[in-house]
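Asker:
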Amino acid sequence: MNTINTFNPIEFTNLNESTSISSKTHFADKNFVAELKTALDNISQLQIQANNEAKAFEMGEANISLNEVMVNMQKSSVSLQFGIQVRNKLVAAYQEIMNMNV
């Protein structure tokens, strides 16, 4: 009589190898999150700086020129648009991954 083995053979991996892989993945996740947070903070700082310079120009401060204000406003606008495009790409990539069949 043939008996069917209900257990599949399992290959055991070295615990140290699997731990190092997960720690590398965890480090990469933290690194990505840190870079994303830094980029968002930079965009926020550019927006704040541009708005403060615009207010200073409106109040008539002598050391602020219109050229500087306009250039900084454009820099903050371009950085915000770039951030929005990065977010859109991340959302699209997430949606594509979620729609994949496993």
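Numbering follows the numbering used here, in which position 51 of the sequence shown is assigned residue number 493; successive positions increment by one, without gaps. Cβ atoms here follow ideal geometry from the backbone N, Cα and C, with glycine treated the same way. Keep in mind that this is a model prediction, so the values were computed, not measured.
1) What separation, rounded to the nearest whole angstrom, lies between the Cα atoms of N514 and G502?
2) Can you say whether S507 is buried or exposed, counting buried as having 16 or more other CB atoms within 10 angstroms of its CB?
3) For the putative contact between E495 and V511, defined by C-beta atoms under 8 Å, what is the C-beta separation to the nearest angstrom?
4) From L478 to I539, what does the alpha carbon distance come to, in whole angstroms?
5) Assuming I539 is part of the alpha helix (DSSP H), what are its boundary residues?
6) Under a three-way DSSP split, which group does V544 fall into?
7) Report buried or exposed for A535, applying the criterion of at least 16 other Cβ atoms within 10 angstroms of its Cβ.
8) Use the C-beta contact count for S518: other C-beta atoms within 10 angstroms, 16 or more gives buried, fewer gives exposed.
Answerer: Quick look at the numbers:
1) Taking the first residue of the sequence shown as 1, we reach residue 514 at position 72. Taking the first residue of the sequence shown as 1, we reach residue 502 at position 60. For N514 and G502, the distance between alpha carbons rounds to 17 Å.
2) On the sequence shown, residue 507 is found 65 positions in, with the first residue counted as 1. S507 should be labelled exposed.
3) As a position in the sequence shown, residue 495 is number 53, starting the count at 1. As a position in the sequence shown, residue 511 is number 69, starting the count at 1. Yes, E495 and V511 are in contact; Cβ-Cβ is about 5 Å, under 8 Å.
4) To locate residue 478, count along the sequence shown from 1; it is residue 36. To locate residue 539, count along the sequence shown from 1; it is residue 97. The straight-line gap from Cα to Cα measures roughly 20 Å.
5) Along the sequence shown, one-based indexing puts residue 539 at 97. Start and end: L508 to M540.
6) Looking up residue 544 in the sequence shown gives position 102. V544 falls in the coil class under three-state DSSP.
7) Within the sequence shown, residue 535 is the residue found at index 93, counting from 1. Exposed, by the Cβ-count rule.
8) On the sequence shown, position 76 is the one that residue 518 refers to. Buried: at least 16 other Cβ atoms inside 10 Å.
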